[in-house]
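Working notes for the structure below.
There are 2 protein chains.
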Amino acid sequence: MRVTCVTPLRLAWMASAALAALAAAHADEGMWTFQDFPAALVQQRYGVRITPAWLERVRLATVRLSDCTASFVSPDGLLLTNQHCVEDCLAERSSASRSLVDDGYLASDRPEELRCAGQVADVLVRTEDVTAKVLAAMRGLGDRAANDMRRRTLAQLEQACEQTSRQGSGAGSADGSAAGLGAGSSAGPLQCESVDLYEGGQYLLYEYRHYDDVRLVFAPEADVAAFGGDPDNFEFPRWCLDMSLLRVYEHGRPAHTPQYLKIDFAGPRAGEPVLVSGNPGSTERMLTVSQLVTQRDVELLPYLLRAAELRGRYIQFGLQSEADGRLVEEPLSLLENDLKETREEVQALLDDAQLARKSREQAELERRIAADPQLARATGDPWAEIAQAERVARDIALPYTFIGEGAGFNSQLFRYARLLVRAAAERAKPSASRLPGYTDAAFPALERQVTADVPIHPELETITLSLGLTRMRDRLGPDDPLVRQVLGKESPETLAARLVAESKLADPAMRRALWSGGEAAIIASGDPMIELARRVDPEARALRQRYQDEVQAPVRAALQRIAHARFAVLGTSVYPDADFTLRLSFGTVRGWSEHGEEIEPFTRLARLFERATGSEPFRVPPSWMAAKDRLELSTPFDFCTDNDIVGGNSGSPVIDAQGDIVGLIFDGNIESIAGTYWFDEQDNRAVALDTAAVLEALRKVYHADALLAELGAPAS
Amino acid sequence: MRVTCVTPLRLAWMASAALAALAAAHADEGMWTFQDFPAALVQQRYGVRITPAWLERVRLATVRLSDCTASFVSPDGLLLTNQHCVEDCLAERSSASRSLVDDGYLASDRPEELRCAGQVADVLVRTEDVTAKVLAAMRGLGDRAANDMRRRTLAQLEQACEQTSRQGSGAGSADGSAAGLGAGSSAGPLQCESVDLYEGGQYLLYEYRHYDDVRLVFAPEADVAAFGGDPDNFEFPRWCLDMSLLRVYEHGRPAHTPQYLKIDFAGPRAGEPVLVSGNPGSTERMLTVSQLVTQRDVELLPYLLRAAELRGRYIQFGLQSEADGRLVEEPLSLLENDLKETREEVQALLDDAQLARKSREQAELERRIAADPQLARATGDPWAEIAQAERVARDIALPYTFIGEGAGFNSQLFRYARLLVRAAAERAKPSASRLPGYTDAAFPALERQVTADVPIHPELETITLSLGLTRMRDRLGPDDPLVRQVLGKESPETLAARLVAESKLADPAMRRALWSGGEAAIIASGDPMIELARRVDPEARALRQRYQDEVQAPVRAALQRIAHARFAVLGTSVYPDADFTLRLSFGTVRGWSEHGEEIEPFTRLARLFERATGSEPFRVPPSWMAAKDRLELSTPFDFCTDNDIVGGNSGSPVIDAQGDIVGLIFDGNIESIAGTYWFDEQDNRAVALDTAAVLEALRKVYHADALLAELGAPAS
């Protein structure tokens, strides 16, 4: 399981998706914000007291990575997360002769810790409610104007927040005074992001302590971290040591992180109440039924077919040679994860019983609104407005996907080119009138993204680009004017190979020069990928604008009215949809029953060896084979809980009532994928690594004694 | 467009699919049998008289190929069909230095005509209604016993028919006396097949004149036959010369075929009434809504994902070298055709409005049954019985697909192995108690199939087999006992490569030896693919049996009661679902309107050259570039009609009121794909080649003067 909220092809729907949640989550449903955590409910259900101090400590020890979660586990900036969250870094730091993905890595001392390019770490230190300001700015405006004003206002608020933070930080003072959340670590610059919860029900500014020097300390071999590979992904029972350790640095030294979590190496007990802190990426539990159906038909299913084809191309490419096999390993494993997740999402959205349940809930809400004339007047008919917006979404789905979102040009080089072209054009405008994502506040992250020294593999670029071009021609038709203009007399394969070969954008120095040179440099560049991005941009922007005006704006306005009506009818004991901001969920360690069979909540080390075949992906690495006789084979390995999590929670600590770490989230079961749309407490389970297995591995397999000492492990 | 009824992975649902059609087809809907053709309706609507003599001549001139249609166009056995129907043969007769697919072929004289291995040609010469015999045999039996008895009775009837035919044929007499259909050509052996129309409403014996020496006379280059390739497939407007000429031989000489159709090289006019004679492969217009939904979810969608992945592997494989590109060309084009068709079928089955319309029709039928107490008693609740059978179908879908249907072992070598293993085992039993498909009547075709000298490409076999094994492990899980047993310690890729390398089944002589040697030879063989097929067979047979008993039998019984109820309520002005037997449809040459734009029914030759880019698949071959100045560029090229056709009609003649050929069906538009489930006369169009373009091409590009003389073309 990986966060999917950052996959470019799947980004578009999210903005229109989040919506105030249904009332009174039954069971252990809910991804709660720290500021509105239902501590009383947890106390009543489990007798566990979650105090404000507990919440503050856990919040300040929980870290958001680029697309995962981690937690501080020592005062010297040591971070615990998953191996699959650092796979990018492992691949980047590998050489032709040595694969850190295959071999794993253990820094013998701190100078050996390896910087991960582009990896960032953010700690949420302060939140501020700005709902009143935003609503005041939007008051009285039509859908489109309100949508523009909302974005502009939030951009201005972010900018003002950053300026205040920089002043505070520059003056060397403590962080901006906390609105109910308390102060964090005093180190690292501060960054502000606006957050929109409950689809316009609540606007917040989140202030993060930001670290951009993150180094690799330890990762096990992929064979044991991802034992079972794609066949076992999203499954339980499971036998994966999916862990890694990173360290946050500042000014070249390990960061001082006094707020960290202790690891309890005994692991959890069956039935024990546990909490999971982290950044769930994206849920869409509040979409209307017709929105879900549109999403299934025009977004998920076409994406699934392109992804399945890409899987075939990757696999066949990897069979050409051992080197090609290594090259494709990481992108393939990311893709397979996404494929399985999307496949199960589609299956969920073909489940007539669940869709019927949602329809009934929707009808019940409509009935209760209709029963209150004043509420009915204020609410209008948002469902009809959404249906109209969806007709537009379906009409423009193909050009919007291929040109607007760029699926037709699917390659890292094109994404760089589009970003450079747009950043140069947008920079000339006032921050608040720019394209979404190009505000002043966003620029540092864009710069990091575009200039990061990550390897570009021309063979893989050619594969993804030619596939995108081929399917674009297929779906828009060979007589589409833009298709004809882009392809000219070339075939998609030939054009893709030529663009990748001739573009110089794989060189970070070239990208940095274009980033700094602005519009003049872009126009003068002559780089064929830049030229392609410029040629396509007018139509891409027009499609984006149309989508924004005729789909997003009316849908937002309608969802906001539904949200307010739902608040009016059902009250406020609700949680907002996930959006890769900090949340806390509660639950217990427990299995489930499948076809009448009980699935135990724990696996044991012994079965790892029994399942090994010696062939990928069921190969136990040599280090473990050598250590087998020393290992206590009854050690609990992985376990499952009924906490409500989704992708983005990867690397989240599983925390006991005392606030100690007893496990490390790395996946969910196959039934958890439907969690994007609804939480089924019967079957939905989070999957975690047991800290008892962590101790056994670090001590007896990896002999990581210095790390164990830093983690406060009991003497062996 | 190609017939899909022969794709092994998609065969299972068809048996349970066909069902007596809805009453009174509006517009030009309907794939009518020759014996029940609505001549009065055609007379009334178009003023065209279709006489019994017209029907007999067209029937005897229409030919069923292995998976297409063709028609006799000279008294010397000359057949007109599509280039895509002979692509197999072109590929088989190619060498490393010369590709007949790429270069086309024109036999300079009859000795140069090339035999197509495995290609057969069948002419329907006699039909006999055996409904009363079958119903009498089934009377009073339960669902499963009735299902077994039906199969056994039909097998016995086929066998008796073949014996009678052989005696007649052996004695050199004319064919068995015709029951309403008249006598056919006196040449070629006769074969009998049982046909089940209206899902048990009507049982027939069809007697065919069978030819197995079919030779290639002419095919144009793939670049012009399939101009536009996959992007243009299932589209209109269109510019394809998708034609070929074959010749049927017997005793080494061209067959004498006095019943042939004349070609009218003027082509059709807009608005002209036309008829299409041929063998539509499969429609499922009478399935219940819940059957359609089950089909979509458990059959089509999973198949689509496997096929998309295979497309990616094929494409990447083909990029390795020019030779690999050529090797993969034909299987890739078959796959892409199937992919597009399945994708559009899934889209059709996600169309809520159409499903709602079907639900309303279903509810109306239920209401009218309920209003007639006697009918209600006789009908019972077949919909509930179908729903129960579908729950079983969904439960066993994964093992049934991968093991029962063999998708987990997807390769020609495994299919040979399974066929050899089963034929040896079944031959020992009485014909009527064997597995479906292994009756005495079926054995000659099985033998031809398994011993045909067609090339096996180990690289492609390894690709499809490893993909099947990988997805089987993925979906059944690595801990499934059969998966563990099959894979052992090997990875799917390693096992597939080893099996393909070590098996000797690619050699037709080896397959012939195993076919003749029977069970003893099979057991002694030691061939690893045979051993795999034997190892898997008990579970595969058990799954098949369960599917037959718990899905097919109750569904058949229920559908038969629905069919009888529908007859009772709606009368008999209906046509049966398509099943690759001979049908006739009527309609007119006309375009349609799309997004308010009128699509003209004809394209012209000029635009072929305008659309050419020089790159695959928009390349005009050198022969056409050289002839360009001689060509009349205003010549009509392709056209469309509103006849009701589906895959299997490829190669069908488009016939005018006089019984002359004016066009050659080779495709349908994208909207025609939903024709599997319903006929939308607004948008569903058949796509055909104009005989005027045939003349222009044969005369000015290919200088095929002898052929033109044989076809009775006007002097130039």
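These protein sequence lines are chains C and G, in that order.
Each residue of the first sequence is one higher than the last, beginning at 1 in this note's numbering.
Each residue of the second sequence is one higher than the last, beginning at 1 in this note's numbering.
In this text, a Cβ means the ideal position worked out from N, Cα and C, and glycines have one as well.
Residue j and residue i - do their beta-carbons sit closer together than 7 Å?
{"i": "VAL63/G", "j": "ALA121/G", "result": "yes"}
{"i": "ILE673/G", "j": "GLU341/G", "result": "yes"}
{"i": "ALA693/C", "j": "PHE637/C", "result": "yes"}
{"i": "ALA219/C", "j": "GLY325/C", "result": "no"}
{"i": "ASP683/C", "j": "TRP592/C", "result": "yes"}
{"i": "SER74/G", "j": "ALA61/G", "result": "no"}
{"i": "THR401/G", "j": "ALA407/G", "result": "yes"}
{"i": "VAL421/C", "j": "ILE522/C", "result": "yes"}
{"i": "LEU190/G", "j": "SER165/G", "result": "yes"}
{"i": "ALA713/G", "j": "PHE265/G", "result": "yes"}
{"i": "GLU128/G", "j": "VAL454/G", "result": "no"}
{"i": "THR69/C", "j": "ASN649/C", "result": "yes"}
Output the distance between the C-alpha atoms of residue i and residue j, rounded to the nearest integer angstrom.
{"i": "ASP338/G", "j": "TYR677/G", "result": "16 Å"}
{"i": "ALA704/C", "j": "LEU698/C", "result": "5 Å"}
{"i": "ALA21/G", "j": "PRO237/C", "result": "For ALA21/G, the pLDDT reaches just 32, beneath the cut-off of 50, and the residue's location in the model is therefore unreliable, although a value from the coordinates is still provided. Cα-Cα distance, rounded: 49 Å."}
{"i": "ARG630/C", "j": "PHE602/C", "result": "21 Å"}
{"i": "GLY176/C", "j": "ARG448/C", "result": "Low per-residue confidence applies at GLY176/C: pLDDT is 36, beneath 50, and the placement is therefore not dependable enough to give any value."}
{"i": "GLY526/C", "j": "ARG59/C", "result": "48 Å"}
{"i": "ALA428/G", "j": "ARG434/G", "result": "9 Å"}
{"i": "HIS26/C", "j": "LEU487/G", "result": "Low per-residue confidence applies at HIS26/C: pLDDT is 49, beneath 50, and the placement is therefore not dependable, though the value from the model is reported in the following sentence. Their backbone Cα atoms lie some 44 Å apart in a straight line."}
{"i": "MET14/G", "j": "GLU345/G", "result": "In this predicted model, MET14/G has a pLDDT of only 25, less than 50, meaning its place in the structure is not dependable; the value taken from the coordinates is given anyway. Approximately 14 Å between the Cα atoms of the pair."}
{"i": "ALA563/G", "j": "PRO436/G", "result": "24 Å"}
{"i": "ASP549/G", "j": "ARG144/G", "result": "6 Å"}
{"i": "TYR416/C", "j": "GLY517/C", "result": "15 Å"}
{"i": "THR7/C", "j": "ASN410/C", "result": "With a pLDDT of 33 at THR7/C, under the threshold of 50, the modelled position of that residue is not reliable, and the figure given next carries that caveat. In a straight line, the C-alpha of THR7/C is about 11 Å away from that of ASN410/C."}
{"i": "SER185/G", "j": "PRO254/G", "result": "The predicted model places SER185/G with a pLDDT of 40, which falls under 50 and marks its position as unreliable; any figure quoted below should be read in that light. Each residue's Cα considered, the two are about 13 Å apart."}
{"i": "SER95/C", "j": "ASP102/C", "result": "12 Å"}
{"i": "GLU696/C", "j": "LEU460/C", "result": "38 Å"}
For residue i, would you say it is in contact with chain A, using Cβ-to-Cβ distances shorter than 7 Å as the test?
{"i": "LYS133/C", "result": "This model lacks chain A altogether; the protein chains it does include are C and G."}
Quick one: which chain C residues come within Cβ less than 8 Å of residue i?
{"i": "PHE759/G", "result": "Summary: the structure shown does not reach residue 759/G, with chain G confined to residues 1 through 716, and so no result is reported for it."}
Let me make sure I understand the geometry here. Which of the options has the alpha-carbon closest to that of residue i?
{"i": "PHE227/G", "options": "SER716/G, GLY675/G, ASP667/G, LYS700/G", "result": "ASP667/G"}
{"i": "MET243/G", "options": "ASP196/G, VAL125/G, LEU78/G, ILE523/G", "result": "LEU78/G"}
{"i": "HIS84/C", "options": "ASP230/C, GLU539/C, SER108/C", "result": "ASP230/C"}
{"i": "GLU616/C", "options": "ALA225/C, TYR203/C, GLU696/C", "result": "ALA225/C"}
{"i": "VAL42/C", "options": "PHE586/C, ARG590/C, LEU633/C", "result": "PHE586/C"}
{"i": "SER282/G", "options": "LEU582/G, MET138/G, ILE670/G, SER716/G", "result": "LEU582/G"}
{"i": "TRP515/G", "options": "ALA563/G, VAL293/G, LEU469/G, VAL450/G", "result": "VAL450/G"}
{"i": "GLN316/C", "options": "GLN545/G, PRO331/G, ILE463/G", "result": "ILE463/G"}
{"i": "ILE670/G", "options": "VAL48/C, GLY477/C, LEU664/C", "result": "GLY477/C"}
Quick one: list the residues of chain G neighbouring residue i, beta-carbon separation under 7 Å, in chain order.
{"i": "ALA489/C", "result": "The sequence given here has Lys at residue 489/C, not Ala. The answer, in chain order, is THR613, GLY614, SER615."}
{"i": "ASP474/C", "result": "ASP230, PRO231"}
Would you mind telling me which residues of chain G sit closer than 8 Å to residue i, beta carbon to beta carbon, in chain order?
{"i": "GLU493/C", "result": "LEU319"}
{"i": "ARG718/C", "result": "Residue 718/C is absent from the model: chain C starts at 1 and stops at 716."}
Give me the chain G residues within the contact set of residue i, using Cβ-Cβ distance strictly less than 9 Å, ordered along the chain.
{"i": "LEU350/C", "result": "VAL293, ARG296, ASP297, LEU301, LEU350"}
Where the region 306–318 of chain G meets chain C: residues whose CB sits under 9 Å from a CB there: ARG306, ALA307, ALA308, GLU309, LEU310, ARG311, GLY312, ARG313, TYR314, ILE315, GLN316, PHE317
Residues of the region 609–641 of chain C with Cβ closer than 8 Å to any Cβ of chain G, in chain order: ARG611, THR613, GLY614, SER615, GLU616, PHE618
Contacting positions in the region 213–234 of chain C - beta carbon closer than 8 Å to chain G: GLY228, ASP230, PRO231, ASP232
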